[in-house]
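Novice: Before I ask anything, here is the structure I am working with.
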Amino acid sequence: MESNSARRAWLLMAAGDNRGHGGNAGYDDQYDAYYSWDSKVPNHRNLRTGDPIALWDKERLLGVSVIEEIETRRGPKVLNRCPACHKTRIHERTTVEPRWRCSKCFHEFPTPDVTVVEVDQYVARYDAAWTSLHGLLRKDEIRSVQMNAIDINAMRPLDWAAFSEVLTVKDAARAVERVAARIELSWLPPSGPRVDMPQGFSHTLVRVRRGQQQFREKTLAAQGSVCAFTGAAPQRVLEAGHLYSYAQIGTHFEHGGLMLRRDVHRLFDDGLIAVDPSRLRIDVGSELTQFPQYARLHDEHLNVALRDEQVDWLGKHWEEHRAPMAPAPIERHRSLTAPSVETP
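Be aware that the sequence shown starts at 1, since it is given in the UniProt record's numbering, and climbs by one per residue.
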């Protein structure tokens with residue numbers, strides 16, 4: 001198995017239109033879910049499913065995750081070029097005329113020449129393991145853990161061992177552990193199978209997501225567009241959360257999940273939010289009491305009916321994260337008539 005010190009990892013810049021030169025039209029990113037690039041970008045072929053990543057905005061850290069899926073296709077790319085040297089290293093100015101200037105030959109001009117080229121386009125998804133660490137590290141701290149301190153590319157090799165140490169010092173060890181759990185899975189080859197898709201698309205599927213889409217679809221169909229802890233929510237912000245450690249078990253159980261809002265999903269995985277199996281009420285950890293949106297959930301019922309299997313999993317989750325404080329045998333809730341329990 002690849003050692004932590006030798007593990008390939010990436011620092012990805014997610015800064016909107018500021019990601020590259022004025023020679024391109026930008027990229028479609030949702031930094032906490034997916035990242036886009038093309039074959040004109042350095043390191044474009046080097047990212048792989050299973051690689052840990054860190055996202056930043058040129059000023060601060062945004063979060064960490066693991067690449068779960070890479071979608072590729074062939075498509076057009078619009079390039080703006082300098083009329084004099086035809087390079088794309090140009091930038092648009094907002095207060096100076098002419099508006100455009102070439103960083104290569106220093107030519108100034110009112111409008112660029114436009115060309116269209118065919119490129120390979122990539123989209124990496126990583127939302128299942130996303131952990132927000134917004135502002136935890138500054139740009140100088142982030143650059144100190146790059147493999148090459150002077151690297152200015154949008155996608156840069158990251159010293160994962162050094163980066164993990166910095167996060168641990170910053171009390172973000174849980175984020176490191178979550179990423180490590182996703183990386184260590186081994187029931188598929190590291191790259192996963194490659195499957196051709198219609199219209200020129202292809203998917204590279206990583207081991208951490210095998211069956212995840214089907215699991216989400218089934219859970220969503222059974223529960224509806226509702227976060228089990230907070231109530232109705234748009235499907236876009238809902239995730240199918242496992243009630244057990246999928247990283248350890250590697251199996252999608254039919255009734256082993258609930259739809260959870262993305263932030264709640266992370267807090268549940270960390271044990272900061274749990275369900276008391278003796279009363280089937282939400283228990284909010286003391287670390288969250290300073291946040292009203294979470295504190296008000298404490299001692300409330302869930303917003304969905306539960307099957308016995310789900311109650312069992314929630315009981316095991318409680319034993320892992322709360323048992324030392326309030327042990328409660330699973331059998332006690334069988335006779336309860338709480339409104340969130342589904343009658344078989």
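Think of the CB as a built atom: it goes at the ideal place given N, C-alpha and C, for glycine as much as any other residue. Quick caveat, the model's predicted, so the values are computed rather than measured.
1) For the beta strand (DSSP E) that contains D113, what are its first and last residues?
2) Determine contact between the segment 109 to 122 and the segment 132 to 145, defined as no fewer than three beta-carbon pairs at a distance below 8 Å.
3) Rounded to the nearest angstrom, how far is the Cβ of V119 from that of K87, given a contact under 8 Å?
4) Beta carbon of L258, beta carbon of L280: below 9 Å?
5) Sort out for me which residues DSSP pairs G241 with in a bridge.
6) Please report the Cβ distance between W318 and M155, rounded to the nearest whole angstrom; I am assuming they are in contact, meaning their Cβ atoms lie under 8 Å.
7) Which same chain residues, not among the five before or five after P198, have their C-beta less than 8 Å away from its C-beta?
8) Using a 10 Å radius around the Cβ and a threshold of 16 neighbouring Cβ atoms, would you call I273 buried or exposed?
9) Expressed to the nearest angstrom, what Euclidean distance is found between the alpha-carbon atoms of V304 and D263?
10) Do you know whose CA, among A162, Q223 and R48, lies nearest Y122's CA?
11) So, W130 versus D32, is the Cβ gap smaller than 9 Å?
12) Would you mind sorting H265 into buried or exposed? The rule is 16 or more other CB atoms within 10 Å of its CB.
13) Determine the DSSP secondary structure at P292, reduced to helix, strand or coil.
14) Return helix, strand or coil for A228, following the three-state DSSP convention.
15) What's the gap between the Cα of L133 and the Cα of G231?
16) Once the 5 residues before and after D270 are set aside, which same chain residues still bring their CB inside 7 Å of it?
17) So, A84 versus L158, is the Cβ gap smaller than 9 Å?
18) Among W313, E309, V275 and D312, whose alpha-carbon lies nearest the alpha-carbon of H298?
19) To the nearest angstrom, report how far apart W100 and R45 are at their CA atoms.
20) Would the beta-carbon of V237 fall within 9 Å of that of P277?
21) According to the neighbour-count rule (16 or more other Cβ atoms, all chains shown, within 10 Å of its Cβ), is V145 buried or exposed?
Specialist: By the coordinates alone:
1) Going by DSSP, D113 is part of the beta strand (DSSP E) stretching over D113 to R125.
2) no
3) For V119 against K87, the beta-carbon gap comes to about 17 Å, at or over 8 Å, which does not count as contact.
4) 9 Å or more divides the Cβ of L258 from the Cβ of L280.
5) L258
6) Wrong, their Cβ atoms sit about 41 Å apart, outside the cutoff.
7) For P198, the predicted structure reports a pLDDT of 43, less than 50, and the residue's modelled location is therefore unreliable. A value from the coordinates is still provided. Counting only Cβ-Cβ distances below 8 Å, and skipping sequence neighbours, we find nothing.
8) Buried: at least 16 other Cβ atoms inside 10 Å.
9) 18 Å
10) When only C-alpha atoms are compared, the closest one is R48.
11) yes
12) buried
13) Three-state result, P292: helix.
14) coil
15) 25 Å
16) Here the set comprises R174.
17) no
18) The residue with the shortest Cα to Cα distance from H298 is V275.
19) 31 Å
20) no
21) Classification for V145: buried.
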